[in-house]
Amino acid sequence: MTGLFKGGNEPAGSLKAISKFATLESSDEVEKELDVNSVWENIRDSIKIAAEQSIGYYETKKKKPWFDEDCCMVVERRKQAKLKFLQDPVEEKRDNYFNERREASRTLRNTKRGYLKEKLNEVETNSKNKNIRDLYKGIKEFKNGYQARINVIKDENGDLLADSSSILNRWKNYFAQLLNVNRPNRNDRDEIEIQTAEPFIPEPTLSEVEIAIENLKKYKSPDIDQFPAELIQEGGSALYSEIYKLVLAIWEKEYQNNGRSP
Numbered sequence: 088m089t090g091l092f093k094g095g096n097e098p099a100g101s102l103k104a105i106s107k108f109a110t111l112e113s114s115d116e117v118e119k120e121l122d123v124n125s126v127w128e129n130i131r132d133s134i135k136i137a138a139e140q141s142i143g144y145y146e147t148k149k150k151k152p153w154f155d156e157d158c159c160m161v162v163e164r165r166k167q168a169k170l171k172f173l174q175d176p177v178e179e180k181r182d183n184y185f186n187e188r189r190e191a192s193r194t195l196r197n198t199k200r201g202y203l204k205e206k207l208n209e210v211e212t213n214s215k216n217k218n219i220r221d222l223y224k225g226i227k228e229f230k231n232g233y234q235a236r237i238n239v240i241k242d243e244n245g246d247l248l249a250d251s252s253s254i255l256n257r258w259k260n261y262f263a264q265l266l267n268v269n270r271p272n273r274n275d276r277d278e279i280e281i282q283t284a285e286p287f288i289p290e291p292t293l294s295e296v297e298i299a300i301e302n303l304k305k306y307k308s309p310d311i312d313q314f315p316a317e318l319i320q321e322g323g324s325a326l327y328s329e330i331y332k333l334v335l336a337i338w339e340k341e342y343q344n345n346g347r348s349p
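Here is the structure:
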């Protein structure tokens, strides 16, 4: 099963191939004042194609990573022994089922212990090597574990509400108080200064766009376009130039819509 691009966990060297935007068409469309959405879709699709060819997709982890093929085999044998015992509850099949159940429990327990021991060794190695990010990531896996979902909230007095009807009523009252605010009277309205003119924003430069891209936070969940910021940062000057042309086109379009000339 595949998920998002694995840009967040890959070293910078493996992402350098993304700078080869052979599939990125020329952005003369921006100069021809075409739809900026189509230009962004062209850039977005080119990033995804380059990332897919360079680093591929991130394989999602199993809920029980220690559950290997040997565990599957002993669990299947235990299941078949139980079915045979239920169909024909004789002493021989009962003993066979109990033996398979003990063997399955022993295999699962030993496999899980071996996996945990290996993970602890990784945490210790990361601590010695001062690999802080992987260290805290490993500690988090042990610390969190299974967490049951708690569907409770507090009322106005700080008391816990657990039943669904009380929770819905609490949310209803909360949003009623939040949205139904007191409106200012007519005298207060006269004192409010309303500024309709937008402040002048100078034409963006290529260096400003490059700085903005370089300052994007890493290791964050991607937005609706489903690729992390690292892919844009590793795109190189070719991608930076295309994004700058897009930003410039948006800036010019906004000023034209407001009756101004850039």
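For the record, in the sequence shown the residue sitting at position 239 is 326 according to the working numbering, with numbers rising by one throughout. Built from N, CA and C at the ideal position, the CB exists for glycine as well.
Beta-bridge partners of residue i, as assigned by DSSP
{"i": "LEU222", "result": "Answer is none; LEU222 lacks a bridge partner."}
{"i": "LYS169", "result": "In DSSP, LYS169 forms no bridge with anything."}
{"i": "LYS241", "result": "LEU247"}
Residue i versus residue j: straight-line alpha-carbon distance, rounded
{"i": "ASP157", "j": "LYS199", "result": "12 Å"}
{"i": "PHE314", "j": "ILE300", "result": "14 Å"}
{"i": "PRO152", "j": "TYR261", "result": "42 Å"}
{"i": "ASP242", "j": "ASN267", "result": "19 Å"}
{"i": "ASN68", "j": "CYS159", "result": "Because residue 68 is not part of the residues shown, which for the chain are 88 to 349, the question remains open."}
{"i": "ALA249", "j": "TRP338", "result": "51 Å"}
{"i": "ILE226", "j": "VAL210", "result": "7 Å"}
{"i": "GLU317", "j": "ASN302", "result": "11 Å"}
{"i": "LYS307", "j": "ALA137", "result": "20 Å"}
{"i": "VAL355", "j": "ARG220", "result": "It is not possible to answer for residue 355, since the shown part of the chain is limited to 88 through 349."}
{"i": "SER251", "j": "GLU228", "result": "31 Å"}
{"i": "ASP155", "j": "LYS305", "result": "33 Å"}
{"i": "LEU207", "j": "ILE311", "result": "36 Å"}
{"i": "LYS103", "j": "PRO309", "result": "Because the pLDDT of LYS103 is 48, which lies under 50, any placement of that residue in the model is unreliable, and the number read from its coordinates should be weighed accordingly. Computed Cα separation, rounded: 19 Å."}
{"i": "LEU170", "j": "GLU187", "result": "12 Å"}
{"i": "VAL177", "j": "LEU247", "result": "53 Å"}
{"i": "ARG257", "j": "GLN320", "result": "44 Å"}
{"i": "ILE130", "j": "GLY323", "result": "13 Å"}
{"i": "LYS259", "j": "ILE240", "result": "13 Å"}
{"i": "SER133", "j": "TRP127", "result": "10 Å"}
{"i": "GLU179", "j": "THR212", "result": "50 Å"}
{"i": "ASN216", "j": "TYR202", "result": "21 Å"}
{"i": "SER125", "j": "TYR144", "result": "25 Å"}
{"i": "PRO291", "j": "ASN244", "result": "51 Å"}
{"i": "LYS119", "j": "PRO289", "result": "For LYS119, the predicted model reports a pLDDT of 46, less than 50, meaning its position is unreliable; a value from the coordinates is still stated below. In a straight line, the C-alpha of LYS119 is about 22 Å away from that of PRO289."}
{"i": "GLU205", "j": "LEU255", "result": "46 Å"}
{"i": "SER214", "j": "ALA263", "result": "51 Å"}
{"i": "PHE287", "j": "ASN218", "result": "47 Å"}
Beta-carbon contacts of residue i that lie in its chain and below 8 Å, excluding the five residues immediately before and after
{"i": "SER294", "result": "none"}
{"i": "TYR327", "result": "LEU293, VAL296, GLU297 and ILE300"}
Host alpha helix (DSSP H) of residue i (start-end)
{"i": "GLY201", "result": "178-215"}
{"i": "GLU54", "result": "Nothing in the structure corresponds to residue 54, since the chain is present only between 88 and 349."}
{"i": "GLN320", "result": "316-320"}
Heavy atom of the ligand GDP within 7 Å of residue i beta-carbon
{"i": "ARG181", "result": "Only the bare structure without any ligand can be found here, which leaves the ligand GDP out of the picture."}
Own chain partners of residue i with C-beta closer than 6 Å, once the 5 adjacent residues on each side are dropped
{"i": "LYS340", "result": "none"}
{"i": "PHE172", "result": "LYS180, ARG181 and TYR184"}
Close-in-space but distant-in-sequence residues of the same chain around residue i (CB under 7 Å, 5 per side omitted)
{"i": "ILE135", "result": "It should be pointed out that residue 135 corresponds to Lys in this sequence rather than to Ile. Contacts found: PHE314."}
{"i": "SER253", "result": "none"}
Stretch pair the stretch 155-170 + the stretch 187-196: three plus CB contacts closer than 8 Å: Judged by Cβ distances under 8 Å, the stretch 155-170 makes contact with the stretch 187-196, as three or more pairs qualify.
Do the stretch 324-339 and the stretch 295-310 meet, that is, are 3 or more Cβ pairs less than 8 Å apart? The stretch 324-339, when compared against the stretch 295-310, does touch it at the 8 Å Cβ threshold.
When the Cβ atoms of the stretch 216-226 are set against those of the stretch 170-189, are three or more pairs found closer than 8 Å? Touching, no, given that fewer than three Cβ pairs across the two stretches are closer than 8 Å.
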